[in-house]
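Shown next, in structure tokens, is the structure this report addresses.
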Amino acid sequence: MLGITHLRHISLFTPVLQEQADFYEKIWGLDKLHEDENNVYFRGAGSENHILHLQAGEKRGLHHIAFGMVDKNAVDAAAEKLRELGIPLISEPGYLDEAGGGYGLRFLDPEGRCIELSCWVEIHTKDWSKKNVDPIKLNHVVMNTKDIDMICDFYTKVLGFKVSDWSEHQMVFLRCNKNHHSIAFNQDEHASVNHIAYEVESVDEVMRGIANVRKADVEPMWGPGRHGPGNNIFCYFRDPAGYVMEYTCYLTSIEDDEKWQALVWKRVPHLMDQWGIAGGPPPGARASMKGDPDEGWATRLVGKK
1 MLGITHLRHI SLFTPVLQEQ ADFYEKIWGL DKLHEDENNV YFRGAGSENH
51 ILHLQAGEKR GLHHIAFGMV DKNAVDAAAE KLRELGIPLI SEPGYLDEAG
101 GGYGLRFLDP EGRCIELSCW VEIHTKDWSK KNVDPIKLNH VVMNTKDIDM
151 ICDFYTKVLG FKVSDWSEHQ MVFLRCNKNH HSIAFNQDEH ASVNHIAYEV
201 ESVDEVMRGI ANVRKADVEP MWGPGRHGPG NNIFCYFRDP AGYVMEYTCY
251 LTSIEDDEKW QALVWKRVPH LMDQWGIAGG PPPGARASMK GDPDEGWATR
301 LVGKK
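Oh and the sequence shown: position 33 is 33 in the UniProt record's numbering, straight run, nothing missing.
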């Protein structure tokens, strides 16, 4: 097991960099941390250096997902284990050339997603400038997969995640700490980004976030509601690039691994939304969550960081 501690950030390609960056800064509630001609980094209200990185690209797709580790020894040990298993490293352990720096590595999962493992990343100690909605951190990311059993085996047996719950044989929710899930996988026709969830403090903030986005003439695509698996409150939207993002709060915390029993939840509207307001995702939401087929890192930036 590699010793992953938490979800740090997600990095995405976008063909509409400035429009998307404006949305996350002026409407969604993130703070712009750093930008140049081709990159924009955003922080949340928490201490994590950045939780979202946007990089200019011709089409949408995942750049990488970053997870934390305790220290340099853990990163180096992870590299050794990955090499032993024949898992391709995109970058060997070293100091990272991105906002926040740190020490880390990158490798490819079986479907070509680039995963970063890092430590010693700079954190924020200065006060956050409060708004009426303050996304704290990246709560979880959901990816589409062509083979849910294969990818579940990889993330549990190689990376050390644990299965928290299943949604029939359609979705699997995986944790690396007490949070019910930091990453989940949805069975689909192709690998792609399904959605990205930003944690806020309370249901009041979720509702204020809905109001903010509506004022920008963007209507919710699904929600508000309360999920069965994870028991979290949710509301989903499309950003200007077409990615699906979520405000969420109150995700289940698993305090005792020994006592937790993973359930297989039925995929029925009253369990997708326990409140009975949103029901299951409408066709437009499902279509957006399907995402664009993503052939993976190797087709875009082999050998680049």
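We put the CB at the ideal spot given by N, CA and C, even for glycine.
Euclidean distance between Cα positions of residue i and residue j
i    : j    : result
E199 : D76  : 31 angstroms
D273 : S91  : 41 angstroms
I151 : G100 : 29 angstroms
S192 : T125 : 34 angstroms
L33  : F154 : 33 angstroms
E80  : I4   : 15 angstroms
D239 : R60  : 12 angstroms
M1   : V158 : 6 angstroms
P293 : Y243 : 13 angstroms
R267 : H227 : 11 angstroms
D109 : D149 : 14 angstroms
W260 : N232 : 17 angstroms
I83  : G104 : First, the residue type needs correcting, since residue 83 is Arg and not Ile in the sequence shown. One C-alpha to the other measures close to 15 angstroms.
D31  : A21  : 10 angstroms
A241 : Y95  : 31 angstroms
E25  : S47  : 18 angstroms
P135 : T14  : 21 angstroms
V70  : I115 : 16 angstroms
Cβ-heavy atom distance, residue i to the ligand MG, below 8 angstroms
i    : result
M272 : Absent from the structure shown: the ligand MG. Ligands present: none.
Backbone secondary structure at residue i - three-state DSSP
i    : result
Y103 : strand
P240 : coil
H124 : coil
I254 : coil
I151 : helix
M207 : helix
H50  : coil
P220 : coil
N194 : strand
R214 : helix
W275 : coil
W260 : coil
I65  : strand
I27  : helix
W297 : helix
K304 : The pLDDT assigned to K304 is 45, lower than 50, so where the model puts this residue is not dependable; a value taken from the coordinates is nonetheless given after this. Three-state DSSP puts K304 in coil, outside helix and strand.
N132 : coil
R226 : strand
C2   : The amino acid at residue 2 is misidentified as Cys; the sequence shows Leu. L2: coil per DSSP, three-state reduction.
E201 : coil
E246 : strand
Boundaries (first-last residue) of the alpha helix (DSSP H) holding residue i
i    : result
F23  : 17 to 23
N232 : That residue, N232, is in no alpha helix (DSSP H); it is neither H nor E in DSSP.
H270 : 269 to 272
R83  : 72 to 84
G284 : 283 to 290
Minimum C-alpha distance to residue i - residue among the options
i    : options                : result
E258 : G3, I27, R106, K162    : K162
Q18  : D256, G57, E48         : G57
H9   : V16, L85, E98, T145    : E98
H63  : S11, C176, A278, I51   : S11
R113 : S129, V121, L52, I87   : I87
I65  : E80, V142, M1          : V142
P269 : A278, N232, N194, E122 : A278
E255 : P281, G209, C176, V218 : C176
K146 : N186, L85, V133, V172  : N186
T252 : A285, H180, V213, K215 : H180
V213 : N144, W222, F237, F13  : F237
L271 : W166, P93, I115, A287  : W166
Nearest-angstrom Cβ-Cβ length linking residue i and residue j, presumed shorter than 8 angstroms
i           : j    : result
S202        : C249 : 6 angstroms
P224        : M207 : 7 angstroms
residue 306 : E246 : Here the chain has residues from 1 to 305 only, and residue 306 is not among them.
N39         : L52  : Not a contact, Cβ separation roughly 11 angstroms.
K131        : G29  : 5 angstroms
R194        : M289 : The amino acid at residue 194 is misidentified as Arg; the sequence shows Asn. N194 to M289, Cβ: 5 angstroms. Contact.
S118        : G160 : Contact doesn't hold; Cβ gap of about 16 angstroms is too wide.
N49         : E122 : 5 angstroms
G209        : V133 : 4 angstroms
A285        : S164 : Incorrect: roughly 23 angstroms between the Cβ atoms, too far for contact.
First through last residue of the beta strand (DSSP E) which encompasses residue i
i    : result
L159 : Looking at the DSSP string, L159 is not in any beta strand (DSSP E), and its letter there is neither H nor E.
D31  : 31 to 35
Y137 : The residue you asked about is not Tyr; residue 137 is Lys in the sequence shown. From DSSP, the beta strand (DSSP E) with K137 extends over 137 to 145.
V40  : 39 to 43
V172 : 171 to 175
T14  : 6 to 14
P110 : Premise fails: P110 is in no beta strand (DSSP E) and is neither H nor E.
I90  : 89 to 95
N186 : 183 to 187
is_contact[residue i, chain B] using C-beta, thresh 9 angstroms
i   : result
H50 : Among the chains of the structure shown, chain B does not appear; only one protein chain is present.
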